[in-house]
RNA sequence: GCGCCCGUAGCUCAGCUGGAUAGAGCAACGGAUUUCUAAUCCGUAGGUCACAGGUUCGAAUCCUGUCGGGCGUACCA
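Numbering (our numbering), first residue to last: 6 to 613.
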């Protein structure tokens, strides 16, 4: 269903458009900046007055006179330089709330007018390495963006652009990072693999977590052996060449390690409550066969030229340190392809095969220039239609308490798994302290939901474009805008429902019989008004790809519920008031659950 | 050098195409509990929105400059 904000915007804009001389100034209806001004305010009169060179307050009077929104609002009030303040009628709030509760979604959510096919590129871990904090934001922000867009009725195609190939095999043994990967594979799957694996890990290589978890160690060992053992070095090189030539044996080894890695990532996705599966993995290697064609086509179109031995495209408007044109290098002087080439191939595939109307890239802000240039090249090459949107959704870094990028004491990236485990452990201690009487299973699942939820919620609640300081103490605090606070608010509602039986209150029946609400207390009305605005929160959150708008709404909701909870007895309320209060509880619980669970992938808990 | 992002309360952060007296949380102080979970609620105090100009009815928001910080800037992703 349409949000109140949208209804008002549409109806008031229509009236404003009819003002003589108006050139379609929008009403600019916004939530009131202050409760004293009512519920919504019209900001669009002043710009229109400017356009018409007339007095804004007089214009506001004219508009108010023609406005017919008495079914929704009290008489509009003109205030300040030309604002029009709107206050919702309690009857309208009550009616809308009942509608919302009976809406198909149960929550009054707006659907997109024109559903699109949207490709979302996110997470993108590298194979043969454990996921670390650097992957957290892309993974969870991307996940919630997908959920938001899907909810609006779009066709969302998740693309996990995993680093499963890159240029590493396009190069011969010359560069260490790439080489190490080749060495690793040779090391892992060369002769005597099983003995080596058993010796190093005490396990067979089938155990994915052991293999991947110890990759860093393997790299070190492999490097050492590479330097000291000519036979091993030779085997490494041969392996890489074989892989490039797509020899079946080498490919099989490669496939195996990709599989092990993906399984390992999947554990993290499951743990994080992220909706990504193997089917969404469409990594760099998927474009291998397309790369020569991409370069050839760019050359043919006269876009790609040779420069300093490399094949480059020079999109307009980009300059290097000396002010000379900056290239997008699509093929290196040694013949290898780069991530720009792969990204171009991916765009071609996503527009051509997946029929994307929009492609969203969820990567950190540092890749801004890269995508700007790649987008420019793709458009120049005609691989993207003019109306196809290419969006780079950026985010800041996760910092430690010292304000520097989060690292371990020894300067390594913090493993995602270890981070989450610590959060769970800390949550566990809190549960132990607050509610020692719970069963072991309950404690465990609560600690899990709270720990993971806290990490995710803290990330979501920050504006994604800014860096944020990671603090277990803050995210696990029971006070303030945190996951535990939200989950607690939910648990208290569920507790009321459980207690209802003892007091012989039939919650479902009372709610089902509701025809009109009886909203009397201020905190009831405030809660009701906020509940009917869930759709607005989703629209603004999805529109800007900003989950923090959603968490802000949810926190506001939980606070308003807590006020209501303090002021208004529910089960012991008089018969004329109880059904309304039960409905408020029910809708609040459903909204919190939907927001946390369905949109953010954070678990709610029945008791804590 | 050039480009992008950032600078808001003691701390951590919001502030949605420019809107009214800039908001939360934490910390501080004061109050509420025979409670449906106080992991709560209510209140008080706290700001030259880095700085200086400009645009206009109106600027934390847009423009210019200065200072401070982060990141990027041809064969890594």
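From the three backbone atoms N, C-alpha and C, an ideal C-beta is built for every residue, glycine too. This one's a predicted model, so the numbers in the text were calculated from it and none came from an experiment.
Taking 8 Å as the upper bound for CB-CB distance, residue 573 and residue 529 are in contact here, some 6 Å apart. Within the model, the alpha-carbon separation for residue 167 versus residue 477 is close to 29 Å. Counting the other Cβ atoms within 10 Å of the Cβ of residue 503 gives fewer than 16, which makes it exposed. Spanning the alpha carbons of residue 507 and residue 575 requires a straight line of approximately 14 Å. DSSP, reduced to helix, strand and coil, places residue 406 outside both helices and strands of the structure shown, so it counts as coil.
Straight-line spacing of the CA atoms in residue 422 and residue 458 works out to 14 Å. The straight-line gap separating the alpha-carbon atoms of residue 303 and residue 318 is approximately 8 Å. Cβ-Cβ distances below 8 Å link residue 308 to 318, 382, 385, 386 in the same chain, with the five nearest sequence neighbours on each side left out; the list follows chain order. Per DSSP, the unbroken alpha helix (DSSP H) holding residue 271 starts and ends at 253-277. Counting C-beta atoms within 10 angstroms of its own C-beta, residue 414 has fewer than 16 neighbours from the protein chains shown and is therefore classed as exposed. Approximately 11 Å separates the beta-carbon atoms of residue 494 and residue 569; this is outside 8 Å, ruling out the contact.
As computed with DSSP, residue 168 is found in a beta bridge with 131. Look at residue 281 here: in three-state DSSP terms it is coil, with no helix or strand label. Residue environment for residue 584: buried (at least 16 other C-beta atoms within 10 angstroms of its C-beta).
In the three-state scheme derived from DSSP, where H, G and I count as helix and E and B as strand, residue 12 is classed as helix. The C-alpha of residue 470 is placed about 30 Å away from the C-alpha of residue 329. Rounded to the nearest whole angstrom, the CA to CA distance from residue 443 to residue 525 is 37 Å. Between residue 130 and residue 270, the C-beta spacing is below 8 Å. Judged by DSSP in its simplified three-state form, residue 287 adopts coil rather than helix or strand.
When rounded, the separation of the alpha-carbon atoms in residue 511 and residue 55 is 58 Å. Within the same chain, Cβ atoms closer than 8 Å to the Cβ of residue 501 are found at 575, 576, 590, the five residues on either side in sequence being excluded. The C-beta distance from residue 554 to residue 112 rounds to 16 Å, too long to meet the 8 Å contact threshold. Secondary structure at residue 363: strand, using DSSP grouped into helix, strand and coil. Taking the Cβ atoms as the reference, residue 17 lies roughly 7 Å from residue 72, within the contact range of under 8 Å. Membership of residue 312 in any alpha helix (DSSP H) is not indicated; the residue belongs instead to the beta strand (DSSP E) covering 309-312.
Beta-bridge annotation (DSSP): residue 162 is paired with 124.
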